[in-house]
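Have a look at the structure below, then the notes.
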Amino acid sequence: MRIVFMGTPDFAEESLKAIYEAGHEVIGVVTNPDRPKGRGMKMIPSPVKEFALEQHLEIYQPETVKHNQEFIEKLKTLKPDVICVVAYGHILPKEILDIPPYGCINVHASILPKYRGAAPIQWAVLNGDKTTGVTTMYMDVGMDTGDIILKQEVEIGKEETTGELWDRLKVIGGEILVETLSQIEKGMAPREKQGNNFTIAPMLSKDMAKIDWNHKTAEEIKNLVRGLNPIMGAYTFLNGKKIKFWKVKVAGKNEIYAENMDFLRNGTVIVSDLRDGIFIKCKEGILKVLEIQGENAKRMSIQDYLRGNPIEEFEVFE
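Counting along the sequence shown from 1, when you hit position 80 you're at 123 in our numbering, and nothing is skipped either side.
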């Protein structure tokens, strides 16, 4: 089929690669404009653009698609059979949705309608979900409200981070998109209406990264750390200095004696040594820190950190 592909990050690149290698005719690739990045603020192309350049595919980088009549007319002249959209970052107007005869197909990293919105992978981890998956759907003018075509569910590991889950789901996304296009081409694609039992999964904000020792349990803090890894990291303060946690676990009953601690403030270090690392009292349960980052420093194991930055027992994380 003649396909216009729209996407930006590496999650989308995997789907573009999959349909290209499956033999579909990719007649155009639409991605976000290059953005400045790093200390030198060098203009960096998106992963989707990088793959398109390697394969000598036609690339379009409009700043916006809504009310962009010149771009819309260009899409019409391409005469795509279908438009595939994966993590593009823009809501498509009805005029674009109506262009391809087989419609616009979206790959969404959730089992719809569970999470609609920009960050379904992150929120599945943040909320401590046990399962998630990938859904393909026919796009309509709503946000992730279109009819479902195919879906594939996966289990989320107890310690799995957003980054690790992202890497697994992007591969599944490419596979399920290829299968979806195959079924559409054969006239066998299912079409299932979505229910209304959904949650909005908005973009993450920096404000949510601060650890709340007074109101969050050890399990909830662990999920926060997992959910923000590697995006921004969950942080706290110790003696006025910002500390990021990148990997933690909930301490088991066999790891630490944890009775008679009600008199201690939440956030108190109850064990600190080079062998076992640090254990922190929470509202409920005890958090064991495995990977940490000091202020203006690199990520490292808690043992390596403690060698140069001692943390005393009964110090309190703010």
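Cβ coordinates follow ideal geometry from the N, Cα and C atoms, glycine included.
Here the structure is a predicted model, which means the values were calculated and not measured.
Q.
Within the continuous beta strand (DSSP E) that includes alanine 277, where are the two ends?
A. 277-281
Q: Out of Met304, Glu56, Arg269, state which residue places its alpha-carbon closest to the alpha-carbon of lysine 292.
A: Arg269
Q. CA-CA distance, glycine 81 and glutamine 226?
A. 42 Å
Q: Going by CA-CA distance only, name the one from Ile329, Lys331, Tyr348, Leu333 that's closest to asparagine 339.
A: Tyr348
Q: Please go through the stretch 313-339 and give each complete beta strand (DSSP E) segment of 3 or more residues, from N-terminal end onward.
A: 320-324, 329-336
Q. Between valine 129 and alanine 55, which are expected to be in contact by the criterion C-beta below 8 Å, what is the C-beta distance as a whole number of angstroms?
A. 4 Å
Q: Would you mind stating whether isoleucine 17 and glycine 176 have Cβ atoms separated by less than 7 Å?
A: Given that the chain is displayed from residue 44 to residue 361, the structure contains no residue 17 and the question cannot be resolved.
Q: Sort out for me which residues DSSP pairs asparagine 149 with in a bridge.
A: Val128, Met180
Q.
Mapping the DSSP letters down to three states, classify threonine 205 as helix, strand or coil.
A. helix
Q | Rounded C-alpha distance that separates valine 314 from threonine 260 | A | 18 Å
Q) Where are the beta strand (DSSP E) runs, 3 residues long or more, that stay fully inside the stretch 50-79, in chain order? A) 68-73
Q.
Since tryptophan 209 and isoleucine 164 should fall inside the 8 Å C-beta cutoff, what is the C-beta to C-beta distance between them, to a whole number of angstroms?
A. 5 Å
Q | Closest Cα partner of valine 214 within the set Asn272, Ala61, Asn170 | A | Ala61
Q. Does DSSP put phenylalanine 94 in a helix, in a strand, or in coil?
A. helix
Q.
Between aspartate 250 and chain C, is the shortest Cβ-Cβ distance under 7 Å, so that the two count as touching?
A. The structure shown has no chain C; it contains just one protein chain.
Q. Opposite phenylalanine 48 in the DSSP bridges: which residues?
A. Val72, Cys127
Q: Enumerate in chain order the residues of its own chain whose CB-to-CB distance from phenylalanine 357 is below 7 Å, with the five nearest sequence positions on each side excluded.
A: Thr311, Val312
Q. Are at least three pairs of beta-carbons, each pair with one atom in the stretch 220-240 and one in the stretch 191-203, less than 8 Å apart?
A. yes
Q: Could you tell me the distance, in whole angstroms, from the CA atom of leucine 169 to the CA atom of valine 72?
A: 32 Å
(Q) Taking its Cβ as the centre, do 16 or more other Cβ atoms sit within 10 Å of serine 248, making it buried, or is it exposed? (A) exposed
(Q) Please report the distance separating the alpha-carbon of lysine 85 from that of lysine 296. (A) 50 Å
**Q.** Where histidine 67 falls, given that 16 or more other Cβ within 10 Å makes a residue buried
**A.** buried
Q.
Quick check: the Cα distance between lysine 287 and alanine 65, rounded to an integer number of angstroms?
A. 42 Å
(Q) Just to check my reading of the structure: proline 136 and glycine 238 have Cβ atoms closer than 8 Å, yes? What is that Cβ distance to the nearest angstrom? (A) Not a contact, Cβ separation roughly 26 Å.
(Q) Going by the DSSP bridge assignment, what does tyrosine 103 pair with across the sheet? (A) Val73
Q) Do you know offhand how far glycine 337's Cα is from lysine 284's? A) 8 Å
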